[in-house]
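One structure below.
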Amino acid sequence: MNKMYRFITDGVLLILLFGLLVLPLSTIGLLQVKTTQTVPTEEVLSESTESTSSVLREPVNYQHNRYNPQ
Amino acid sequence: MFSRILIKLVDQAVVPAMLLLVVRILSVIFVSRHFGIEFTVGQSGFVFKMPGDYVLVNSYSTLAMICVLSVGLLYILMKSMYLHETHITPSFTAKLFSMRLSFFIQSSFDLYSQGVVWMSYLYLLVFVGALMVMFGLIYLWVLLSAVVLAIISTYFFVVDIENEMFLEKSKKNNDVNKEYVLTFGGSNE
């Protein structure tokens with residue numbers, strides 16, 4: 001029983017010591033750089049498909065009319 | 071009941087932990103003000119706008135931590151070299167007692183537990199500093215200064231432990247408690 005008690009108390013002391021040693025170095029996470037705001041993926045995808053289709057549609061018609069005027 | 075060494079180490083680790091924590095936070099504020107870097111304090115901590123500002127402030131605040139560690143280690147090494155109860159000269163002991171500064175004289179147990187704690191902080195800082203250099207979060211010269219300090223302080227610490235060990239050996243060889251039997255009243259033949 002005494003050995004078990006000793007084992008537990010020593011374990012607690014070791015954890016406490018490790019926590020104290022790591023505590024000042026954990027402050028590295030306190031500094032951060034401001035990141036750009038993220039846009040939801042669905043919005044980005046829908047916008048990108050719309051814009052691509054609208055851009056592609058007109059030049060294709062234009063080139064078709066210009067070089068193959070049938 | 072409790073491990074005496076572990077209790078001593080925990081006891082000795084509290085002051086440097088708090089000191090380094092305070093130095094880290096104060097140095098971030100001071101360096102930002104000194105270089106005119108803007109930051110906001112949010113829930114997650116200090117937030118900087120530019121990555122370059124972040125690296126600058128992080129490097130100088132880490133350097134401040136290294137400076138505090140070097141002062142602490144220098145104090146412990148000076149005590150272990152000149153005020154160690156096993157090395158101290160009798161005349162210096164008498165001087166300290168006359169000036170009522172006898173509490174400066176410390177035992178090996180006190181000195182080595184302090185040394186182990188402060189050296190652990192320094193080694194951990196070198197390890198974390200190496201990781202930060204790898205990810206480009208601090209300048210390389212900050213890590214190099216920490217490594218140089220670690221090498222020098224380790225060398226002097228080892229020299230002091232060696233002195234202590236040789237003193238122990240010589241004490242064993244010149245054992246004053248050895249019994250000698252003197253016979254008086256012998257004939258002068």
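If you read the protein sequences in the order shown, they are chains A and B. Following our numbering, the numbering of the first sequence begins with 1 at its first residue and continues without gaps. Following our numbering, the numbering of the second sequence begins with 71 at its first residue and continues without gaps. The beta-carbon is built from N, C-alpha and C at its ideal position, and this holds for glycine as well. Predicted, not measured: the structure shown is a model, and the values here were computed from it.
Fully contained in the region 90-143 of chain B are the following beta strand (DSSP E) runs of length 3 or more, in chain order: 109-111 and 116-118. Among the residues of chain A, those whose CB is under 8 Å from the CB of A87(B) are L20, L21, L23 and P24, following chain order.
Distance from G115(B) to L30(A) at the Cβ level is roughly 3 Å; contact confirmed, criterion being Cβ atoms closer than 8 Å.
For Q82(B), the number of other beta carbons within 10 angstroms of its own is at least 16, and it is reported as buried. Where V33(A) is concerned, the enclosing beta strand (DSSP E) starts and stops at L31 to V33. Closer than 8 Å to the CB of I95(B) there is at least one CB belonging to chain A. Chain B has no Cβ within less than 8 Å of the Cβ of I8(A). I28(A) belongs to the set of residues whose beta carbon lies under 8 Å from a beta carbon in chain B.
For the pair I107(B) and F100(B), the CB atoms are not nearer than the 8 Å cut-off. Sixteen is the threshold: since fewer than 16 other Cβ atoms of the shown chains lie within 10 Å of the Cβ of H104(B), the residue is exposed. Counting C-beta pairs with one atom in each stretch, the region 9-26 of chain A and the region 168-184 of chain B have fewer than three that are closer than 8 Å, which means they do not touch.
In this structure, V196(B) sits near A220(B), with a CB-CB distance shorter than 8 Å.
Taking a Cβ-Cβ threshold of 7 Å, the residues of chain B close to K34(A) are V117, F118 and K119, in chain order.
According to the DSSP secondary-structure assignment, H154(B) is paired through a beta bridge with Q176(B).
For A134(B), no Cβ of chain A is located within less than 8 Å of the residue's own Cβ. For P24(A), the number of other beta carbons within 10 angstroms of its own is at least 16, and it is reported as buried.
The alpha helix (DSSP H) runs lying completely inside the region 153-238 of chain B and spanning 4 residues or more are 160-168 and 178-204, given in chain order. Distance from the Cα of T159(B) is smallest, within the candidate group W211(B), Y124(B), V127(B) and I175(B), for I175(B). DSSP places S73(B) in the coil class of the three-state scheme, outside both helix and strand. With its beta carbon at least 8 Å from every one in chain A, L192(B) lies outside the interface. Among the residues of chain A, those whose CB is under 7 Å from the CB of V84(B) are L20, following chain order. For the set F72(B), S129(B), V84(B) and I77(B), the Cα lying nearest the Cα of L207(B) is the one of S129(B).
Residues of the same chain with a CB within less than 8 Å of the CB of I222(B), apart from the 5 flanking positions on each side, do not exist.
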